[in-house]
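Beneath this line is the structure, given in structure tokens, with notes to follow.
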Amino acid sequence: MPQLPGTDLTVSDLCLGANVFGWTADEPTSFAILDRYVDATPSPQQPFVDTAESYGKGESERILGAWMAERGLRDRMVVATKASPLEKEHPLAAGEIVAAAERSLRNLQTDRIDVYYAHYDDATTPLEETLTAFDELVTAGKVRYVAASNYSAKRLVEALETSERLGVARYSALQTHYNLMERPVFEDELRDVAEARGLGVLPYFALAKGFLTGKYRPGEQIDSPRAKGASVYVGERGDRVLAALGQVAEAHGVPLPAVALRWLADQPTVVAPIASGRTVEQVADLLPMQDLVLTDEQRRLLTDASA
Ligand SMILES: NC(=O)c1ccc[n+]([C@@H]2O[C@H](COP(=O)([O-])OP(=O)(O)OC[C@H]3O[C@@H](n4cnc5c(N)ncnc54)[C@H](OP(=O)(O)O)[C@@H]3O)[C@@H](O)[C@H]2O)c1
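When we follow my numbering, the leftmost residue of the sequence shown carries the number 4, and every step to the right adds one.
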């Protein structure tokens with residue numbers, strides 16, 4: 004069962020990406036997606052939703068908050084959000100972090116954030132200041148665990164050493180770009196850091212923006228604001244990966260994206276891949292990853308195809 008190392012959080016195999024809420028999924032559809040996802044999460048796993056203040060300028064958090072309030076499900080959920088004051092000169096200055104956390108708590112209609120990420124590194128603010136501000140939120144009970152997103156290996160090590168030296172809350176997880184089409188960013192350096200320091204990894208764009216669902220094929224027109232980003236993977240390597248996914252998916256009788264997510268979930272240090280769907284039907288295609296067991300040979304086939 005996926006456990007976020009160094010925490011008491013037992014989370015679902017799939018972390019549900021919420022950047023679609025208020026963007027490609029309207030509020031009623033977002034509610035239906037959340038209902039479907041929670042129904043499919045077996046206890047004692049906790050449904051794990053990933054949002055950020057910057058998603059739809061708070062709209063994603065607001066929709067998630069409204070849904071939790073309406074369903075009375077806050078205590079069942081693990082809620083991750085991110086301090087994203089991107090437009091600020093010093094995004095991770097102490098005052099910005101505290102103000103951002105208060106806005107997120109209001110949007111989410113909750114008194115605590117389970118996992119609070121620094122959305123992006125901020126080289127203009129001393130790590131001491133950022134980490135002390137996060138620690139104060141933890142001490143106040145407004146945040147349970149802090150985590151890093153989009154940090155380089157070097158800065159992540161610096162951050163971990165800084166929190167150790169100061170005796171403050173450390174980043175317990177790393178959110179990073181990682182999937183079958185995008186491996187070096189994580190595998191070349193960050194993975195070693197995560198392994199050596201006991202960090203849990205939550206890969207985002209787990210479906211390569213939709214490419215790993217198999218719907219992007221030469222000549223196909225896909226109606227999605229993500230189509231431009233996902234189309235960069237169309238080509239010889241993409242064909243190899245989709246063929247391998249297709250072969251494994253057929254052997255198990257599951258949709259392609261479920262196989263892509265299971266491969267990612269099986270990689271060392273990965274706790275749960277983060278992926279979204281903009282309809283209930285799309286999310287239903289992802290959920291079979293929860294019970295899917297790949298053979299070593301199938302895992303190797305996918306790894307080799309994506310090399
Ligand atoms: N930390 C960061 O900087 C960062 C950056 C990006 C994302 N994230 C997080 O990671 C999460 C996942 O990333 P993502 O949602 O952007 O990308 P993704 O999971 O790689 O791709 C999801 C998209 O693929 C398409 N899709 C999914 N299932 C499908 C199916 N069965 N059939 C056809 N199409 C399907 C949908 O888009 P269409 O229908 O529009 O094609 C869906 O929104 C986000 O929600 C967010 O929480 C974090």
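Cβ atoms here follow ideal geometry from the backbone N, Cα and C, with glycine treated the same way.
Since we're looking at a predicted model, the values are computed, not measured.
Cut-off 7 Å between Cβ atoms - residues of its own chain near residue i, not counting five sequence neighbours on either side
i, result
"A136", "A97, I100 and V101"
"E30", "I66"
"L289", "L17, P260, A261, L264, A278 and G280"
"L134", "A162, T165, S166, L169 and V171"
"V273", "V204, P206 and L267"
heavy atom of ligand 1 below 8 Å from residue i C-beta
i, result
"L267", "no"
"D117", "no"
"Y40", "no"
"G280", "yes"
"R79", "no"
"K60", "no"
"T216", "yes"
"F208", "yes"
"G20", "yes"
"N153", "yes"
"D294", "no"
"Y181", "no"
"S227", "yes"
"D125", "no"
"K231", "no"
"K157", "no"
"H255", "no"
"P260", "yes"
"E161", "no"
"D138", "no"
"F148", "Note that residue 148 corresponds to Tyr in the displayed sequence, not to Phe. Not under cutoff, so the answer is no."
"D53", "yes"
"T165", "no"
Cβ shell of residue i (< 8 Å), same chain only, five flanking positions each side left out
i, result
"A103", "E56, A86, S87 and P88"
"F189", "T179, H180, Y181, V204 and P206"
"K91", "E99"
"D114", "L108, G144 and K145"
"Y219", "G213, I225, A230, A233, S234, Y236, V237 and G241"
Residues that residue i bridges to, as DSSP identifies them
i, result
"S152", "Q178"
"D53", "G20 and A83"
"Q6", "T13"
"V146", "I116"
"P206", "T179"
"I277", "C18"
"E185", "N182"
"A69", "Its beta-bridge partners do not exist; DSSP assigns none."
Outcome for residue i when other beta-carbon atoms lying within 10 angstroms are tallied against a minimum of 16
i, result
"E64", "buried"
"G222", "exposed"
"R79", "exposed"
"M71", "buried"
"Q285", "buried"
"A310", "exposed"
"D226", "exposed"
"A28", "buried"
"D42", "exposed"
"R194", "buried"
"S155", "exposed"
Cutoff 6 Å; reference residue i; Cβ partners in own chain excluding five residues on either side
i, result
"Q6", "T13"
"D117", "V81, V82 and R147"
"Y236", "M184, A211 and F214"
"V244", "L183, A308 and S309"
"D125", "P94 and L95"
heavy atom of ligand 3 below 8 Å from residue i C-beta
i, result
"L130", "As far as ligands go, the structure on display features ligand 1 and does not contain ligand 3."
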